[in-house]
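Asker:
Number of protein chains: 2
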Amino acid sequence: MVKSPKISASHEPGGLIVHISGLLPSLSPAEQRVARLVVSDPADAARRTITDLATAAETSEATVIRFCRSVGMDGYPQLRIRLAAEAARRVEPPDARVVGGDIPPGADLAQIIATIAFNDARAVEETAEQLDPAVCEQVVEAIVGAGRIEVYGAGASGFVASDFQQKLHRIGRMAFYFPDVHTALTSAALLGKGDIAVGISHSGTTSDVIEVLEQARSRGAGTVALTNFPRSPITDVADFVLTTAARETTYRSGAMASRLAQLTVIDCLFVGVAARNRARARRALEVTADAVRARRVGPGRRRG
Amino acid sequence: MVKSPKISASHEPGGLIVHISGLLPSLSPAEQRVARLVVSDPADAARRTITDLATAAETSEATVIRFCRSVGMDGYPQLRIRLAAEAARRVEPPDARVVGGDIPPGADLAQIIATIAFNDARAVEETAEQLDPAVCEQVVEAIVGAGRIEVYGAGASGFVASDFQQKLHRIGRMAFYFPDVHTALTSAALLGKGDIAVGISHSGTTSDVIEVLEQARSRGAGTVALTNFPRSPITDVADFVLTTAARETTYRSGAMASRLAQLTVIDCLFVGVAARNRARARRALEVTADAVRARRVGPGRRRG
DNA sequence: ACCACGGATGAAACTTACTTTCACGGAGCG
DNA sequence: CGCTCCGTGAAAGTAAGTTTCATCCGTGGT
Numbered sequence: 001m002v003k004s005p006k007i008s009a010s011h012e013p014g015g016l017i018v019h020i021s022g023l024l025p026s027l028s029p030a031e032q033r034v035a036r037l038v039v040s041d042p043a044d045a046a047r048r049t050i051t052d053l054a055t056a057a058e059t060s061e062a063t064v065i066r067f068c069r070s071v072g073m074d075g076y077p078q079l080r081i082r083l084a085a086e087a088a089r090r091v092e093p094p095d096a097r098v099v100g101g102d103i104p105p106g107a108d109l110a111q112i113i114a115t116i117a118f119n120d121a122r123a124v125e126e127t128a129e130q131l132d133p134a135v136c137e138q139v140v141e142a143i144v145g146a147g148r149i150e151v152y153g154a155g156a157s158g159f160v161a162s163d164f165q166q167k168l169h170r171i172g173r174m175a176f177y178f179p180d181v182h183t184a185l186t187s188a189a190l191l192g193k194g195d196i197a198v199g200i201s202h203s204g205t206t207s208d209v210i211e212v213l214e215q216a217r218s219r220g221a222g223t224v225a226l227t228n229f230p231r232s233p234i235t236d237v238a239d240f241v242l243t244t245a246a247r248e249t250t251y252r253s254g255a256m257a258s259r260l261a262q263l264t265v266i267d268c269l270f271v272g273v274a275a276r277n278r279a280r281a282r283r284a285l286e287v288t289a290d291a292v293r294a295r296r297v298g299p300g301r302r303r304g
Numbered sequence: 001m002v003k004s005p006k007i008s009a010s011h012e013p014g015g016l017i018v019h020i021s022g023l024l025p026s027l028s029p030a031e032q033r034v035a036r037l038v039v040s041d042p043a044d045a046a047r048r049t050i051t052d053l054a055t056a057a058e059t060s061e062a063t064v065i066r067f068c069r070s071v072g073m074d075g076y077p078q079l080r081i082r083l084a085a086e087a088a089r090r091v092e093p094p095d096a097r098v099v100g101g102d103i104p105p106g107a108d109l110a111q112i113i114a115t116i117a118f119n120d121a122r123a124v125e126e127t128a129e130q131l132d133p134a135v136c137e138q139v140v141e142a143i144v145g146a147g148r149i150e151v152y153g154a155g156a157s158g159f160v161a162s163d164f165q166q167k168l169h170r171i172g173r174m175a176f177y178f179p180d181v182h183t184a185l186t187s188a189a190l191l192g193k194g195d196i197a198v199g200i201s202h203s204g205t206t207s208d209v210i211e212v213l214e215q216a217r218s219r220g221a222g223t224v225a226l227t228n229f230p231r232s233p234i235t236d237v238a239d240f241v242l243t244t245a246a247r248e249t250t251y252r253s254g255a256m257a258s259r260l261a262q263l264t265v266i267d268c269l270f271v272g273v274a275a276r277n278r279a280r281a282r283r284a285l286e287v288t289a290d291a292v293r294a295r296r297v298g299p300g301r302r303r304g
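Same order as they appear, the protein sequences are chains A and B. Residues in the first sequence are numbered consecutively from 1, following the UniProt record's numbering. Residues in the second sequence are numbered consecutively from 1, following the UniProt record's numbering.
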């Protein structure tokens, strides 16, 4: 058996490669070698026979098969044709920016900008592609029906959590965010059936967030995890798992791509929730916009 | 017509399917049955095994192999992956999502996600395109040489400001962010020549941010504005203006696109700054990553 | 009418690719 | 120190793909 019976479904419509990248850290070393080969050149991998690929990855055919199963395929032939399809679909970017590539040392700013924009945009697109609308729908449903919503996140993911809280609050949902673990734990302990706890962690391994989510769950609240890695520990304490698809480079490890990917998911959830009651949400947005109008200056002239 | 295993080269540029259609009349009856199956549903054919396809075409495997050779393939596996690739390529391009379009009232979540992702990714790309590398360069320069860096932003832009501060801080630059206007004003008053103040405001009209930036400027600090509107009030108090390119829709006025666009710019600046001293930045990132390692759990491995 | 010929075809032999099983070895745990 | 569990590849086993070959059938020559 693979994973727990989560609601995250075995769903990788938006790109097999992306899906594999996400699973990469949860694979065994030998399988990771295979995965890296596959990800780095899907078309080439599709051309190879299983023995060939195994040799190239310095492992045995058995491991390649295990890898296929790990990423949700029936066997090698299926992986092969999926890879071929995938490779065909992705039209190579015009110039030679390597996806997820590091910034070359001699790069000038224009190059840097181009590379970053490419990767950032990519993260957004790929995240959206692989998002499972069914799971989103359920999460939206849960949020709409929730008595209280709490959002947790540490460090960089904390910004995202905070952002989500603010958005929900703004359309009149009772949402909270606690930067402090102790406060968060305390608050989580007060959750109950019908409440929703959302934990955000790129790596899926942030113990603070996991603990709080666990606490919330033990009290009967529904739990949602937002992470880049579908088999990371955080998914064990989540009723619903939503994943991002950001490929981080070593150099940019404080990187933005994961943040953008997370925000994209948040945006989808937010709009989904808001769409449930357009009138009310719109009214709330207007009211809140009015509230800060006094803090604005001039006509915002985009004058000619 | 007889079939010509002649010098027809293994070159079918216009697409494999077209190629096969063209050859169809020159094939033997049994091969034609195979060809028709393949042409009518390439994706399906790619999924089938040779025995399967042979049965479906009411013929033997041998004939399928002959068919493969007739159309210039080495064997069945090659045909299969070529078909998969072909089928994938001829998938309809994403449908007509209007750029900057609002979400139609009846939209289901899948549509919403697609629209959002499209607009978000677009905002990132377009922002990068219109970003002036020369100005970025100057800003990076200023930040690298700055004694102190302060970042201001209110509301949603506050998250971005905070994020930027955190990033800079993480690579060892002396950066600050103040959520509170009074504190920010006080701090700005203490800036001087050689310091840098960065104000973030999507609309460019947030008086709090403008005031603080003004204060900083009056003390001799360099000022940077990040806004979506190149002629908004904030640009009057900025030495350097960086712009985003997010088209906000009415409905999503709490919108994410502008946030993502801002973050993209921040990302570019950050990487630009970090690139100035790769060794130091990398070391700092490693050290800070180590610092939170204890707050992480397990290897993210979960199977069985 | 008969036969010789050649191409088309599928059965079966054969080869290669894929999958499963199993035993080994090392890491972590009591 | 011994235990278990997990990752691993060797090898056995199965299925897929390929080749060979005998048969069939239509054609054209005798």
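Glycine included, C-beta positions come from ideal geometry on N, C-alpha and C.
How is residue 251 of chain B classed by DSSP in three states: helix, strand or coil?
Answerer: Any reading at residue 251 of chain B is ruled out, since the residue's pLDDT is 43, under 50, leaving its predicted position unreliable.
Asker: Suppose you measure from the CA of residue 274 of chain A to the CA of residue 255 of chain B; what does that come to, to the nearest Å?
Answerer: Approximately 12 Å, taken between the alpha carbons.
Asker: Can you list the residues of chain A that residue 306 of chain B reaches, using a CB-CB cut of under 8 Å?
Answerer: Residue 306 of chain B lies beyond the residue range present for chain B, which begins at 1 and ends at 304; the question has no answer from this structure.
Asker: Within this structure, are the beta carbons of residue 225 of chain B and residue 246 of chain B separated by less than 7 Å?
Answerer: No; because the gap between Cβ atoms is not below 7 Å, this pair is not in contact.
Asker: Is residue 304 of chain A buried or exposed, if buried means 16 or more other CB atoms sit within 10 Å of its CB?
Answerer: Here residue 304 of chain A scores only 30 on pLDDT, less than 50, and its place in the model should not be relied on; the value that follows carries that caveat. Residue 304 of chain A should be labelled exposed.
Asker: Check distances from the C-beta atoms of the UniProt domain "HTH rpiR-type" (14-90) of chain A to those of chain B and list, in chain order, the residues that come in under 9 Å.
Answerer: Within the UniProt domain "HTH rpiR-type" (14-90) of chain A, the qualifying residues are 25, 26, 27, 28, 43, 46, 47, 49, 70, 77, 78, 80, 81, 82, 83, 84, 85, 86, 87, 88 and 89.
Asker: Could you name the residues of the same chain whose beta carbon sits closer than 8 Å to that of residue 232 of chain A, not counting the 5 residues immediately before and after it, in chain order?
Answerer: Result list for residue 232 of chain A: 25, 26, 201, 203, 204 and 205, in chain order.
Asker: Round the Cβ separation of residue 265 of chain B and residue 242 of chain B to the nearest angstrom and send it over; I've been treating them as touching at under 8 Å.
Answerer: That pair is a contact at about 6 Å.
Asker: Kindly say whether residue 174 of chain A, judged by its beta-carbon, lies nearer than 7 Å to any beta-carbon of chain B.
Answerer: Chain B, which has no Cβ nearer than 7 Å to the Cβ of residue 174 of chain A, makes this no.
Asker: Can you name the start and end residues of the beta strand (DSSP E) that residue 153 of chain A belongs to?
Answerer: Segment 149-153, the beta strand (DSSP E) holding residue 153 of chain A.
Asker: Looking only at its chain, what residues have a beta carbon closer than 7 Å to the beta carbon of residue 117 of chain A, apart from the 5 residues adjacent to it on each side?
Answerer: So the list is empty, once near-sequence residues are dropped.
Asker: In terms of residues, what are the limits of the alpha helix (DSSP H) holding residue 51 of chain B?
Answerer: Counting along the chain, the alpha helix (DSSP H) containing residue 51 of chain B begins and ends at 50-56.
Asker: Can you find a C-beta in chain B that's less than 7 Å from the C-beta of residue 133 of chain A?
Answerer: Cβ-Cβ to chain B under 7 Å: yes for residue 133 of chain A.
Asker: Taking CB distances under 7 Å as the criterion, tell me whether residue 178 of chain B reaches chain A.
Answerer: Not closer than 7 Å to any Cβ of chain A, the Cβ of residue 178 of chain B fails to qualify, so no.
Asker: Going by the CB atoms, is the gap between residue 113 of chain A and residue 337 of chain B shorter than 7 Å?
Answerer: No information on residue 337 of chain B is available, as it lies outside the stretch 1 to 304 that chain B covers here.
Asker: So, under 8 Å CB-CB, residue 138 of chain B and residue 240 of chain B are touching, yes? Tell me the CB distance rounded to an integer number of Å.
Answerer: Indeed they touch by this definition, with Cβ atoms about 6 Å apart.
Asker: Just to confirm, are residue 222 of chain A and residue 147 of chain A a CB contact at a threshold of 7 Å?
Answerer: Their beta carbons are not under 7 Å apart, which means residue 222 of chain A does not touch residue 147 of chain A by this criterion.
Asker: Give me the chain B residues within the contact set of residue 116 of chain A, using Cβ-Cβ distance strictly less than 8 Å, ordered along the chain.
Answerer: Those are 128, 264, 267, 268 and 271, listed as they occur along chain B.
Asker: Alpha carbon to alpha carbon, how far is residue 276 of chain B from residue 121 of chain A?
Answerer: Cα to Cα, the separation comes out at about 24 Å.
Asker: What is the DSSP secondary structure of residue 93 of chain B, counted as helix, strand or coil?
Answerer: Any reading at residue 93 of chain B needs caution, since the residue's pLDDT is 42, under 50, leaving its predicted position unreliable; the model's value is listed next. Three-state DSSP puts residue 93 of chain B in coil, outside helix and strand.
Asker: Ends of the beta strand (DSSP E) at residue 192 of chain A?
Answerer: Note, residue 192 of chain A: premise wrong, no beta strand (DSSP E); not H, not E.
Asker: Specify, as a first and last residue, the run of the alpha helix (DSSP H) that residue 75 of chain A falls within.
Answerer: Counting along the chain, residue 75 of chain A falls outside any alpha helix (DSSP H), and DSSP gives it neither H nor E.
Asker: Between the segment 160-173 of chain A and chain B, which residues of the former have a C-beta closer than 9 Å to a C-beta of the latter?
Answerer: So the list reads 160, 162, 163, 166, 167, 170 and 171, given in the order they occur along the chain.
Asker: Answer yes or no: does any C-beta atom of chain B fall closer than 7 Å to that of residue 124 of chain A?
Answerer: Taking Cβ atoms only, chain B reaches closer than 7 Å to residue 124 of chain A, which makes this a yes.
Asker: Going straight from the alpha carbon of residue 185 of chain B to that of residue 167 of chain A, what length do you get?
Answerer: Whole-angstrom Cα-Cα distance: 27 Å.
Asker: Report the rounded CA-to-CA distance for residue 218 of chain A versus residue 159 of chain A, giving the unit in angstroms.
Answerer: Going from the Cα of residue 218 of chain A to the Cα of residue 159 of chain A covers about 26 Å.
Asker: Tell me the DSSP bridge mates of residue 199 of chain B?
Answerer: DSSP, once it has assigned bridges, lists B:152 and B:225 as partnering residue 199 of chain B.
Asker: Under a CB-based cut-off of 7 Å, is residue 121 of chain A close to chain B?
Answerer: Chain B, which has a Cβ nearer than 7 Å to the Cβ of residue 121 of chain A, makes this yes.
Asker: May I ask you to verify whether the segment 128-142 of chain A touches the segment 125-137 of chain B, counting CB pairs closer than 8 Å and requiring at least 3?
Answerer: The segment 128-142 of chain A is not in contact with the segment 125-137 of chain B.
Asker: Going by alpha carbons, who is nearest to residue 78 of chain A out of A:109, A:183, A:40 and A:16?
Answerer: Among A:109, A:183, A:40 and A:16, the Cα nearest to that of residue 78 of chain A is on A:16.
Asker: Let's test the definition: count the other Cβ atoms within 10 Å of the Cβ of residue 230 of chain A and tell me whether it reaches 16, buried, or not, exposed.
Answerer: By the 10 Å Cβ count, residue 230 of chain A comes out buried.
Asker: At 9 Å on the CB atoms, spell out the chain A contacts of residue 184 of chain B, in chain order.
Answerer: Under the 9 Å cutoff, chain A gives no residues; its nearest Cβ is about 13 Å from residue 184 of chain B.
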